[in-house]
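Under full-length UniProt numbering, the sequence shown has 12 at position 12, and the numbering climbs by one with no breaks. Note that the Cβ used here is the ideal one computed from N, Cα and C, for glycine as well. Take a look at the structure set out below.
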Amino acid sequence: MALFGFHASHEQVHPGALLAAVRRAEDAGFDAAMSSDHLSPWSARQGQSAFAWSWLGAAMQATSLPFGVVTAPGQRYHPAIIAQAIGTLAAMYPGRFWAALGTGEASNEHVTGDPWPRKEIRNARLRECVDVIRALLRGEEVSHDGLVRVDRARVWTLPPQPPPLVGAAVSAATARWCAEWADGLITINQPVQTLREIVSAYRDAGGRGRLHLQVHLCWDPDPDRAEAIAHDQWRSNVFPPPACWDIDSAAVFDAVSEHVPRSALHGPVVISHDLGRHTAQLAEYAELGFDEITLHHVAKELADQEAFVDAFGAKVLPQLREETA
Numbered sequence: 001m002a003l004f005g006f007h008a009s010h011e012q013v014h015p016g017a018l019l020a021a022v023r024r025a026e027d028a029g030f031d032a033a034m035s036s037d038h039l040s041p042w043s044a045r046q047g048q049s050a051f052a053w054s055w056l057g058a059a060m061q062a063t064s065l066p067f068g069v070v071t072a073p074g075q076r077y078h079p080a081i082i083a084q085a086i087g088t089l090a091a092m093y094p095g096r097f098w099a100a101l102g103t104g105e106a107s108n109e110h111v112t113g114d115p116w117p118r119k120e121i122r123n124a125r126l127r128e129c130v131d132v133i134r135a136l137l138r139g140e141e142v143s144h145d146g147l148v149r150v151d152r153a154r155v156w157t158l159p160p161q162p163p164p165l166v167g168a169a170v171s172a173a174t175a176r177w178c179a180e181w182a183d184g185l186i187t188i189n190q191p192v193q194t195l196r197e198i199v200s201a202y203r204d205a206g207g208r209g210r211l212h213l214q215v216h217l218c219w220d221p222d223p224d225r226a227e228a229i230a231h232d233q234w235r236s237n238v239f240p241p242p243a244c245w246d247i248d249s250a251a252v253f254d255a256v257s258e259h260v261p262r263s264a265l266h267g268p269v270v271i272s273h274d275l276g277r278h279t280a281q282l283a284e285y286a287e288l289g290f291d292e293i294t295l296h297h298v299a300k301e302l303a304d305q306e307a308f309v310d311a312f313g314a315k316v317l318p319q320l321r322e323e324t325a
């Protein structure tokens with residue numbers, strides 16, 4: 001049976017409010033949680049971007065939920081620092097933490113002042129980082145000279161078992177590549193046939209571990225308000241790769257999304273006032289074989305997050321568990 005989790009969007013919600021929301025999500029019956037990890041929001045309208053790793057320690061202490069984070073080692077983060085962060089959380093909360101590793105977005109990584117590499121170089125850099133992080137989480141001393149450089153690094157505080165390092169992919173080709181090294185896969189909501197191809201590509205290439213899906217959605221009892229929230233908060237996120245990887249600031253995202261119509265949000269975001277429609281869509285995703293489906297309500301205000309948690313906890317999650325049991 002699939003687990004259904006709550007997504008903590010640091011780009012949109014103050015970390016204190018997010019902590020309250022994730023505690024409420026556990027009380028409402030959500031099974032798990034996941035955190036974004038950004039230095040910059042996608043839009044000035046979102047207006048936040050707290051440090052995920054500080055928040056994760058607080059959130060895991062405040063709840064008993066398993067947590068994941070999507071992060072990008074190699075530029076903004078040195079892989080030894082990511083290994084230390086992963087090791088500390090997994091040592092404090094054994095069996096409750098996983099990290100998904102991706103190649104990142106320029107909007108977060110350009111702050112180092114280093115050039116933003118081409119995608120094939122970012123892939124190669126990530127692959128080096130994965131090997132470095134794995135070795136460090138085994139307790140090895142690591143030196144490495146390549147696209148990343150490491151000099152005699154060691155992580156001294158280690159978990160009983162290294163946590164899963166999950167691959168992040170939005171295409172079948174990347175999913176196939178992730179199968180070479182990842183302990184699982186995470187992707188985002190896309191057309192069902194596209195998701196089916198991503199799952200098949202990963203599994204057919206020998207990919208192991210759990211399959212995660214992050215679903216961007218927007219619900220409000222008023223259908224016009226549901227669409228308005230999605231348009232206000234998520235219209236900067238409708239651009240496919242490579243634009244979403246290569247645009248380097250919230251200001252540019254806002255400029256290029258200024259004239260995006262409301263209709264363009266349907267698809268990137270599952271928008272409906274109808275809880276039954278949300279239930280049916282999530283059940284269809286679960287049928288594709290996803291083990292954990294994380295729900296991201298693309299609202300900024302804590303009151304909207306709380307209303308989402310309460311409604312989905314009372315109506316959607318119980319129905320989903322009946323249908324996917």
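Residue burial classification, residue i (beta-carbon count within 10 angstroms, cutoff 16)
i	result
Ser237	For the sequence presented, residue 237 should be read as Asn rather than Ser. Asn237 comes out buried.
Glu141	exposed
Asn123	exposed
Ala231	According to the sequence as given, residue 231 is His; it is not Ala. The residue is buried, with at least 16 neighbouring Cβ atoms inside 10 Å.
Asp183	buried
Pro261	exposed
Pro268	buried
Glu322	exposed
Met1	exposed
Gln193	exposed
Pro115	exposed
Gly104	buried
Gln214	buried
Residues of its chain near residue i, where Cβ-Cβ distance is below 7 Å and the 5 sequence neighbours each way are ignored
i	result
Pro159	Gly87, Ala90, Ala91, Pro94
Val199	Leu211, Leu288, Gly289
Nearest residue (CA-CA) to residue i, options the options
i	options	result
Pro163	Glu180, Leu136, Trp177, Ala173	Leu136
Asn108	Ser272, Phe253, Ala307	Phe253
Ala314	Ala205, Ser36, Thr279	Thr279
His78	Ser43, Ala44, Pro41, His144	His144
Trp42	Gly276, Cys244, Glu287	Cys244
Ala325	Phe312, Ala228, Ala283	Ala283
Gln319	Val150, Ala80, Gly29	Gly29
Glu197	Glu292, Ala175, Leu213, Arg277	Ala175
His297	Trp98, Asn189, Tyr202	Asn189
Own chain partners of residue i with C-beta closer than 6 Å, once the 5 adjacent residues on each side are dropped
i	result
Lys119	none
Val155	Ala83, Gln84, Gly87, Leu136
Residues near residue i by beta carbon distance below 8 Å, same chain, minus five either side
i	result
Ala264	Arg235, Val238
Gly209	Pro164, Val166, Ala182, Asp183, Gly184, Leu185
Gly12	Sequence inspection shows Gln at residue 12; the Gly mentioned does not correspond to that position. Pro41, Gln46, Gly47, Gln48, Gln233, Val298, Ala299, Lys300.
heavy atom of the ligand HEM below 6 Å from residue i C-beta
i	result
Ala201	By its list of ligands, the structure shown contains no ligand whatsoever, and the ligand HEM lies outside what it can speak to.
Just to confirm the assignment: which complete beta strand (DSSP E) runs, minimum length 3, are found wholly within the region 89 to 155?
As far as the region 89 to 155 is concerned, its whole beta strand (DSSP E) runs of at least 3 residues are 97 to 101, 142 to 145, 149 to 153.
Contact between the region 56 to 67 and the region 12 to 28: three or more CB pairs below 8 Å?
Two segments are said to touch when three or more pairs of C-beta atoms, one from each, lie closer than 8 Å; by this definition the region 56 to 67 touches the region 12 to 28.
List in chain order: all unbroken beta strand (DSSP E) runs of 3+ residues lying wholly within the region 251 to 324.
The region 251 to 324 contains these whole beta strand (DSSP E) runs: 292 to 297.
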